[in-house]
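One line per chain: the protein sequences are E and Y, in this order. Position 10 of the first sequence, counting from 1, maps to -9 under the numbering used here, and the rest follow consecutively. Position 68 of the second sequence, counting from 1, maps to 49 under the numbering used here, and the rest follow consecutively. C-beta: ideal position from N, C-alpha, C; glycine also.
2 protein chains.
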Amino acid sequence: MSSRRERTKKKILAAALRLLLERGYHNVGMEEVAREAGVSRQAVYLHFGSKPDLLVAMVQHVDESVGTPEILRRTREVKEPLAALDALVSVYLTIEPRIYDTARLIYDARRSDPSAEAAWQDRMSFRRDIARRAIEWLARDGLLAEGWNTDDATDFVWSLLSVHTYEYLVVERGWPIERCECHLQTVLRRTLIGGTGQQRNLWTSGKAT
Amino acid sequence: MSSRRERTKKKILAAALRLLLERGYHNVGMEEVAREAGVSRQAVYLHFGSKPDLLVAMVQHVDESVGTPEILRRTREVKEPLAALDALVSVYLTIEPRIYDTARLIYDARRSDPSAEAAWQDRMSFRRDIARRAIEWLARDGLLAEGWNTDDATDFVWSLLSVHTYEYLVVERGWPIERCECHLQTVLRRTLIGGTGQQRNLWTSGKAT
DNA sequence: CGCCTACTTGACATTGCGTCAATTTTAGCA
DNA sequence: TGCTAAAATTGACGCAATGTCAAGTAGGCG
């Protein structure tokens, strides 16, 4: 039972998505979004107060439709901490292709708009929490390699599994997802896993799926 | 023998630098740049045709004043390939603090401006070349770890030693340069060095300077 | 002095964001 | 069916920023 209002809102969101993803935040005006959605320019302002607000709404909408939380739950189904690191990479590369474009939009806008900045920081602290959970698990079992503490390892994993790693390797360099997954898992295992875990896993680390 | 023209140009560049670095590309207008430089708005257009062109000129100016090529030459003074990887990180973290702000400006602008995009791609392919040299050296000596080929390792090093790794770890998370250097060196050594090199270096890898 | 280059001045066109008030359309409901 | 209130349109406006143009004004050099 979508009301008239909600339907129009969805139309606008869909249009904004198409246009902004294709041409970038600063290259598309509200006028064009309205035209693409088949509504008047003012209707856009009626539903979303401003361009930055429209962007933030777009991002939230994409996040919900992708279902990030459900996918992330996979990380917790894993039985042992060593596999958690692999799962983290795997989940990262499942989600990233779907949200990359919008994440990039928010990143672009955050310099010039406070609410975009807030949305970005939200996302970032959420991602750091996910990374931290895996690292704390490793650390508790004494598997964290020499030279790392929980905080530093968390930051490193968070920064390695970021929008920009995806951008550099997959988007710019054209790596297939599988190759990216394999290499990033290798990086994390060799770098962060020490103690007994290293013996067990070092020699399988070059040939993950 | 700085002519009047050149002096004015420098004044404008300096003013643009101050303002744009502080407040970002989209938050500073040409009017303000001109006022800060103590010249008329049209003088700015006289010297640099447009805002994007001013940005590109700014970046080139900073690059020259930092002397990136000279600093990068350090990478080649290294005697053995294992040390080259460490030197790469070290050089990266010498240069990055000085150029981070302007690099970030270019990155911001590249979505909406072709000449900024070109400047960015230039910079990126230059950086990949640097990384590739070190990796090829490793590979030639058979020190590249299992699971990596030259291309992939180059891309990975390039993406790890990027503007955004610096942004995430140093700028956002407040890592001191030394900590960042130590950890990144560890990452590269443990990840990329295999064969005999690994035996020799693995146990010093947690405690680099 | 006079000349040329560099710079200034003030005006203008254009675009994009955001706002407003008056009006029309439309969905929901009696 | 016809009424009403919400939702959307229309057309105008203010504002700020980019970029352009033409005419005028310094400042150095013969």
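Between the beta-carbon of Trp101 of chain E and the beta-carbon of Tyr88 of chain E, is there less than 8 Å?
-> Yes, Cβ-Cβ distance for Trp101 of chain E and Tyr88 of chain E is below 8 Å.
In or out: Pro33 of chain Y buried (at least 16 other Cβ within 10 Å) or exposed?
-> buried
Hey, could you find the ends of the alpha helix (DSSP H) Leu0 of chain E is sitting in?
-> -15 to 4
Can you say whether Gln166 of chain Y is buried or exposed, counting buried as having 16 or more other CB atoms within 10 angstroms of its CB?
-> With a 10 Å radius around the Cβ and a threshold of 16 neighbouring Cβ atoms, Gln166 of chain Y comes out buried.
Using a C-beta to C-beta distance shorter than 9 Å, which residues of chain E count as neighbours of Asn130 of chain Y?
-> Simply none; closest approach about 10 Å.
Residues bridged to Leu125 of chain Y (per DSSP) | Y:Ile174
Please state if the CB of Tyr6 of chain Y and the CB of Ala115 of chain Y are separated by a distance shorter than 8 Å.
-> no
Just the C-alpha distance for Ala84 of chain Y and Ser46 of chain Y, rounded to the nearest angstrom, thanks.
-> 14 Å
Mind checking if Arg(-1) of chain E is an interface residue toward chain Y, Cβ cutoff 8 Å exclusive?
-> So, not an interface residue.
What separation, rounded to the nearest whole angstrom, lies between the Cα atoms of Asp122 of chain Y and Leu63 of chain Y?
-> 10 Å
6 Å Cβ shell around Phe29 of chain Y - same chain, five flanking residues per side excluded | Leu35, Ala38
Exposure of Asp132 of chain E, with buried meaning 16 or more beta-carbon neighbours within 10 Å = Counting of Cβ neighbours within 10 angstroms places Asp132 of chain E among the exposed residues, the total staying below 16.
Go to Lys60 of chain Y, then tell me how far its alpha helix (DSSP H) extends in each direction, as first and last residue.
-> Element bounds for Lys60 of chain Y: n/a, residue is neither H nor E.
In the region 90 to 101 of chain Y, which residues sit with their C-beta less than 7 Å from some C-beta in chain E, listed in chain order?
-> Arg92, Ser93
Scan the region 143 to 162 of chain E for residues whose Cβ lies nearer than 9 Å to a Cβ of chain Y and list them as they occur along the chain.
-> Ser143, Val144, His145, Thr146, Glu148, Tyr149, Leu150, Glu153, Arg154, Trp156, Arg160
Check whether the Cβ atoms of Glu77 of chain E and Tyr147 of chain E sit closer than 8 Å, and answer yes or no.
-> yes
Using three-state DSSP, classify Leu142 of chain E as helix, strand or coil.
-> coil
Looking only at C-alpha atoms, which of E:Val70, E:Arg79, E:Val151, E:Gly155 sits nearest to Ile111 of chain E?
-> The candidate whose alpha carbon is nearest that of Ile111 of chain E is E:Val70.
Arg171 of chain E versus chain Y: which residues are under 8 Å apart at the beta carbon?
-> Listed by position along chain Y, the residues whose Cβ is nearer than 8 Å to that of Arg171 of chain E are Ala126, Arg171, Thr172.
Spell out whether any CB of chain E is found under 8 Å from the CB atom of Ser140 of chain Y.
-> yes
Three-state class that DSSP yields for Ser31 of chain Y in the structure shown | coil
Can you name, in chain order, every residue of its own chain whose Cβ lies under 6 Å from the Cβ of Asp253 of chain E, other than the five neighbours on each side?
-> Nothing can be reported for residue 253 of chain E: it is not among the residues displayed for chain E, which extend from -18 to 190.
Give every residue of the same chain whose Cβ lies closer than 6 Å to the Cβ of Ser93 of chain Y, excluding the five residues on either side of it in the sequence, and list them in chain order.
-> none
For the alpha helix (DSSP H) holding Glu17 of chain Y, just list the boundary residues, first then last.
-> Unbroken alpha helix (DSSP H) run through Glu17 of chain Y: 11 to 18.
Taking any Cβ of chain Y, which residues in the region 56 to 84 of chain E have a Cβ under 8 Å from it, in chain order?
-> none
What do you reckon, are the CB atoms on Gly19 of chain E and Lys(-8) of chain E nearer than 8 Å?
-> Pairing Gly19 of chain E with Lys(-8) of chain E gives a Cβ-Cβ distance under 8 Å.
Residues of chain E with CB under 8 Å from Phe137 of chain Y, in chain order?
-> Residues of chain E whose Cβ lies closer than 8 Å to the Cβ of Phe137 of chain Y are, in chain order, Leu150, His164, Val168.
Ser106 of chain Y burial status per 10 Å Cβ neighbour count (16 or more: buried) = exposed
Run through DSSP, which three-state label would Pro157 of chain Y get?
-> Annotated three-state conformation of Pro157 of chain Y is coil, per DSSP.
Among E:Thr75, E:Val152, E:Arg4, which residue has its Cα nearest to the Cα of Thr49 of chain E?
-> E:Thr75
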